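Report on one structure; see the data block that follows.
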Amino acid sequence: MERNKLIRNSPYSRISGFKELPLLIVIIIIGIALTFLSPNFLNTQNLFAVLLGASFDAIVAVGMTLLLISGGFDLSIGSVVGFGGVMAGKMLVSGQGTVVAVLVGLLAGAFIGLINGFIIAKIKVNPLITTLAMLSIARGTIYIITKGLGIPTLPDSFNIIAQKKFYGIQTPIIIMLVFIILAEIFFRKLVFFKQYFFIGGNEESARLSGIKVYLLKLLTYIISGTMAALAGVLMAARMGGAISTAGTGMELRVITACVIGGCSLAGGVGSMLGSFLGVLLMALVTNSFNLLGVSVYWQSAAMGLILLVAVLADVLRRRRLEE
Amino acid sequence: MGKKLLETKNISKSFFSNKVLDDIDFSINYGEILGLVGENGAGKSTLVKILTGVYKQDSGYIKIDGVRVNIENINIAKKEGINIVFQELSLANNLSVAENIFIGKIPSNSVGFVDRKRLYDMTNELIEKFNVDIKPGDIVGNLSIGDKQIVEILKAISSNPKLLILDEPTSSLEVSEIENLFKLIYELKKNNYSIIYISHYLDEVFRITDNMLVLRDGKKIGIFKKDEVGKEELIRKMINKDIKDFFAKDSEKTKSKEVLLEVKNISDGKNFNNVSFKLHKGEVLGLVGLVGSGKIDICKAIFGLSKNFSGEILLKERSINLTSPVIASKNNISLIPEDRKIAGLFLGDSVTNNIISSVLKRVSRLNFLSNRKIMNFVRYFIDLLKIKVSRFDQKVTYLSGGNQQKILVSKCLASEPEILIAIDPTRGIDVGSKEDIHEILRTATKKGVGVILTSSDFDEVINMSDRILVFVDGEITETVHSGDFDSNKIYLAINKSINGEEKNNGEK
Numbered sequence: 000m001e002r003n004k005l006i007r008n009s010p011y012s013r014i015s016g017f018k019e020l021p022l023l024i025v026i027i028i029i030g031i032a033l034t035f036l037s038p039n040f041l042n043t044q045n046l047f048a049v050l051l052g053a054s055f056d057a058i059v060a061v062g063m064t065l066l067l068i069s070g071g072f073d074l075s076i077g078s079v080v081g082f083g084g085v086m087a088g089k090m091l092v093s094g095q096g097t098v099v100a101v102l103v104g105l106l107a108g109a110f111i112g113l114i115n116g117f118i119i120a121k122i123k124v125n126p127l128i129t130t131l132a133m134l135s136i137a138r139g140t141i142y143i144i145t146k147g148l149g150i151p152t153l154p155d156s157f158n159i160i161a162q163k164k165f166y167g168i169q170t171p172i173i174i175m176l177v178f179i180i181l182a183e184i185f186f187r188k189l190v191f192f193k194q195y196f197f198i199g200g201n202e203e204s205a206r207l208s209g210i211k212v213y214l215l216k217l218l219t220y221i222i223s224g225t226m227a228a229l230a231g232v233l234m235a236a237r238m239g240g241a242i243s244t245a246g247t248g249m250e251l252r253v254i255t256a257c258v259i260g261g262c263s264l265a266g267g268v269g270s271m272l273g274s275f276l277g278v279l280l281m282a283l284v285t286n287s288f289n290l291l292g293v294s295v296y297w298q299s300a301a302m303g304l305i306l307l308v309a310v311l312a313d314v315l316r317r318r319r320l321e322e
Numbered sequence: 000m001g002k003k004l005l006e007t008k009n010i011s012k013s014f015f016s017n018k019v020l021d022d023i024d025f026s027i028n029y030g031e032i033l034g035l036v037g038e039n040g041a042g043k044s045t046l047v048k049i050l051t052g053v054y055k056q057d058s059g060y061i062k063i064d065g066v067r068v069n070i071e072n073i074n075i076a077k078k079e080g081i082n083i084v085f086q087e088l089s090l091a092n093n094l095s096v097a098e099n100i101f102i103g104k105i106p107s108n109s110v111g112f113v114d115r116k117r118l119y120d121m122t123n124e125l126i127e128k129f130n131v132d133i134k135p136g137d138i139v140g141n142l143s144i145g146d147k148q149i150v151e152i153l154k155a156i157s158s159n160p161k162l163l164i165l166d167e168p169t170s171s172l173e174v175s176e177i178e179n180l181f182k183l184i185y186e187l188k189k190n191n192y193s194i195i196y197i198s199h200y201l202d203e204v205f206r207i208t209d210n211m212l213v214l215r216d217g218k219k220i221g222i223f224k225k226d227e228v229g230k231e232e233l234i235r236k237m238i239n240k241d242i243k244d245f246f247a248k249d250s251e252k253t254k255s256k257e258v259l260l261e262v263k264n265i266s267d268g269k270n271f272n273n274v275s276f277k278l279h280k281g282e283v284l285g286l287v288g289l290v291g292s293g294k295i296d297i298c299k300a301i302f303g304l305s306k307n308f309s310g311e312i313l314l315k316e317r318s319i320n321l322t323s324p325v326i327a328s329k330n331n332i333s334l335i336p337e338d339r340k341i342a343g344l345f346l347g348d349s350v351t352n353n354i355i356s357s358v359l360k361r362v363s364r365l366n367f368l369s370n371r372k373i374m375n376f377v378r379y380f381i382d383l384l385k386i387k388v389s390r391f392d393q394k395v396t397y398l399s400g401g402n403q404q405k406i407l408v409s410k411c412l413a414s415e416p417e418i419l420i421a422i423d424p425t426r427g428i429d430v431g432s433k434e435d436i437h438e439i440l441r442t443a444t445k446k447g448v449g450v451i452l453t454s455s456d457f458d459e460v461i462n463m464s465d466r467i468l469v470f471v472d473g474e475i476t477e478t479v480h481s482g483d484f485d486s487n488k489i490y491l492a493i494n495k496s497i498n499g500e501e502k503n504n505g506e507k
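Chains as they are written, first to last, in numbering that gives the first Met the number 0: chain U, 0 to 322; chain Z, 0 to 507.
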């Protein structure tokens, strides 16, 4: 009898495996509530605006999710977003074409990730401190190379990459969806990414299992930096200019979203779908504040509160696991 | 000798249906040093945990100064005058000797500032009383391990206990440091403190203690005065296995002459020195020795966990540079690490994920994990090792120790290694699981896997091995073939220091 039960059990039983369900329900409830509370919520224009706003966070969340799964952490992404945009802008004003500008922007993000990853994975400095320092260094570098002004106007040939629509959908949303879907499948199914769950679960065990811990960890930071720079490049193109403060505060929002979505700061768990739903929830909260006319001053406090609640839930969940 | 300090009557303790202590009576007088000896699993640590309030006995009672006491927890134990110094030191390395000794009761002046002068005076008082050579202001992190051990003991003494329990106090000390420790212990005895001394090093037990309490399988074998009993006799009392028990090996498979692994003169300048041996196909090679004898360090070196060693390691006659676990895994070497929780399992992850963690490629198609392959793979191991799980996606942390250990073994065997290094593969698990794991290791050897086995369970190595290497102070002192296994002699051999006095006759 016990055997039969076992056989019917799949290795990852699907119903109990759909951990994102509660979050999805919360999002639907907020959506329904907003429909009643504000006449401006449920229309295509507003919903696309929410999605577009969320798309930059969601792209950054791809790298962050992988990082959190592997037990890592990156606070520098907010500045890397700005840095990627500004580096692309710098190329454009010096006469380079769009392709070169985008590539240089992405490489700039990858480079910052490489430095983060090297310091954290090789020299084994605490990721919190390393990336906090990098947050400041990258933002400072933006101010230095643009004399604090950013790059206010960018050519239309570049801007089109984030302003064009396909079937009425803005390109950043499409790019986001492609990444989210690929990441969801890859993180769950691809042998390569499975290794990150083991590193995050128990780094020492992973090492003894013959997993190349150092290289893989280094790579997560490079991916995280690259994805942040991609968001930055798209953001600059969207706005037609690389603002020097672009991405400020994004790290808090994205990490909050990932933790709400099931990532643990202790590593080893998380899913792309969960993080994406987390990003959506955060975007909905922001949207509801705007629609309901709540002062922006409240938004920051609310974001912090949500993060605190999400982290508390994570810690309590883990403590229960240990007992 | 002084009057009676502590007395136990009929102390028994079971875990589930497993009786680990059975009717233990003993007593200790003021100023007495009592050695507590027995094999691993004999019940020593359970007894100590009951005395210090970590466990509660199922039956029986403890009397201190003739009064029955109820030791509920470690604080009550301290209040009753029982304190323990564990094998692992628990000092704050950045603080001074004085601060460490009086941590939690640092004297302060009326404003609340630390009264440094009084703190140092109190420390000096202890230092003079017990005649030790350290200074109150020394930073603990700069001290040798031996001095740290002494600070740890003074820290325990500072709460004024009557009885001090020392658990393997010398396991990481150098010879000269042991002398200093013994000096301190004699000073304590002079000051009428009682000491329970636990050690695997029988030489030391004979030197330092007055009497020896021998436990075996949770039962008291007796309390012996050290002049009444010889070392060999004591070992026989501790082990009580007839030598004939150990002939039950089919020694034929040792005749397989294909050499899987050859270690040539490897030294790391610290833990092992000039070690050479061969591992044959289908053989279980047992390594025995005391803690710190180098047997575990050798295992780690073969798995690429020790970068700096000289000498050569050959895999199937091919020289190889084993500098990381990645290289070892690639060459079909697998390791069952000694601590499944810290270095073996992914406790928060599922049974499935743990078993497949080192063989992701094999359960995938075109680099995508295949649920069907995973299912078959995991079910194979769950059946093979009789692992009791309620669901495949159950988190490993919810399983019993025995089942966790089986999953760890599955994980290591899953990669189909040619060489399996097993460090304490059945540590702390029930007898049934132990037998299942032994069976699976034997099956693996029949398929040609070479196993290097070391264990804190002496009997396990004797029962499982085809050949045993005896490690003393980082060197192989004897090689014993299965036909010649004699647990008493091997026990003597591992207890003998390298420039030891009596050389065993006949063994080679």
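Quick reminder that beta carbons are idealized off the backbone N, C-alpha and C, glycines included. These numbers were taken from a predicted model, which means no experiment stands behind them.
Test: residue i CB closer than 7 Å to a CB of chain Z
| i | result |
| --- | --- |
| residue 190 of chain U | yes |
| residue 204 of chain U | yes |
| residue 66 of chain U | no |
Chain U contact for residue i (CB, 7 Å cutoff)
| i | result |
| --- | --- |
| residue 357 of chain Z | yes |
| residue 509 of chain Z | Outside the displayed span of chain Z (0 to 507) sits residue 509 of chain Z, for which this structure offers no information. |
| residue 247 of chain Z | Summary for residue 247 of chain Z: the model assigns pLDDT 42, below 50, so the residue's position carries little reliability; its value from the coordinates is reported in the next sentence. So, not an interface residue. |
| residue 252 of chain Z | With a pLDDT of 47 at residue 252 of chain Z, under the threshold of 50, the predicted position of this residue should be treated as unreliable, and no value is reported. |
Where residue i meets chain U, residues with beta-carbon distance less than 9 Å
| i | result |
| --- | --- |
| residue 160 of chain Z | Per Cβ cutoff of 9 Å: no residues; residue 160 of chain Z is ~32 Å from chain U at best. |
Residue i: contacting residues in chain U (beta-carbon distance under 7 Å)
| i | result |
| --- | --- |
| residue 324 of chain Z | 206, 207, 209 |
| residue 360 of chain Z | 190 |
Per-residue contacts from residue i into chain U (C-beta, under 8 Å)
| i | result |
| --- | --- |
| residue 366 of chain Z | 189, 190, 191 |
Partner residues on chain Z for residue i, Cβ-Cβ distance less than 8 Å
| i | result |
| --- | --- |
| residue 267 of chain U | 345, 347, 348 |
Sub-7 Å separation of residue i and residue j beta-carbons
| i | j | result |
| --- | --- | --- |
| residue 324 of chain Z | residue 303 of chain Z | yes |
| residue 473 of chain Z | residue 271 of chain Z | yes |
| residue 199 of chain U | residue 267 of chain U | yes |
| residue 391 of chain Z | residue 362 of chain Z | no |
| residue 84 of chain Z | residue 212 of chain Z | no |
| residue 76 of chain Z | residue 51 of chain Z | yes |
| residue 439 of chain Z | residue 384 of chain Z | yes |
| residue 509 of chain Z | residue 126 of chain Z | The question about residue 509 of chain Z has no answer, for chain Z in this structure spans 0 to 507. |
| residue 352 of chain Z | residue 344 of chain Z | no |
| residue 224 of chain U | residue 109 of chain U | yes |
| residue 346 of chain Z | residue 395 of chain Z | yes |
- Item | Members of the region 327-349 of chain Z that neighbour chain U once the beta carbon cut-off is set at 8 Å | In summary, the residues of the region 327-349 of chain Z whose CB is separated from some CB of chain U by less than 8 Å are 327, 328, 329, 334, 336, 341, 342, 343, 344, 345, 346, 347, 348, 349, in the order they occur in the chain.
- Given 8 Å, three or more beta-carbon pairs between the region 174-187 of chain Z and the region 16-27 of chain Z: No, the region 174-187 of chain Z does not touch the region 16-27 of chain Z.
- Item | contact_flag[the region 421-433 of chain Z, the region 399-407 of chain Z] where n(CB pairs < 8 Å) is 3 or more | Touching, yes.
- Message: Across the region 306-315 of chain U and the region 87-99 of chain U, are there enough close Cβ pairs to call them in contact, namely three or more that are closer than 8 Å?
- Response: Pairwise C-beta distances place the region 306-315 of chain U out of contact with the region 87-99 of chain U, as fewer than three of them are shorter than 8 Å.
- Query: Any chance the region 140-150 of chain U sits against the region 19-39 of chain U, with 3 or more Cβ pairs inside 8 Å?
  - Reply: Verdict: no, contact absent.
- Query: Do three or more CB pairs link the region 47-65 of chain U to the region 250-266 of chain U at distances below 8 Å?
  - Reply: As far as the Cβ criterion goes, the region 47-65 of chain U touches the region 250-266 of chain U, which means the pair count is three or higher.
- Message: Whether or not the region 232-247 of chain U and the region 113-121 of chain U are in contact is what I'm after, with contact meaning three or more pairs of Cβ atoms, one per stretch, closer than 8 Å; do they touch?
- Response: Because the criterion of three Cβ pairs below 8 Å is not met, the region 113-121 of chain U and the region 232-247 of chain U do not touch.
- Determine, using beta-carbon pairs with one atom in the region 146-158 of chain Z and one in the region 87-95 of chain Z, whether at least three such pairs fall under 8 Å. Because the criterion of three Cβ pairs below 8 Å is met, the region 146-158 of chain Z and the region 87-95 of chain Z touch.
- Item | Three-pair Cβ contact test at 8 Å for the region 278-291 of chain U versus the region 31-44 of chain U | Yes, since at least three Cβ pairs between the region 278-291 of chain U and the region 31-44 of chain U fall closer than 8 Å, the two stretches touch.
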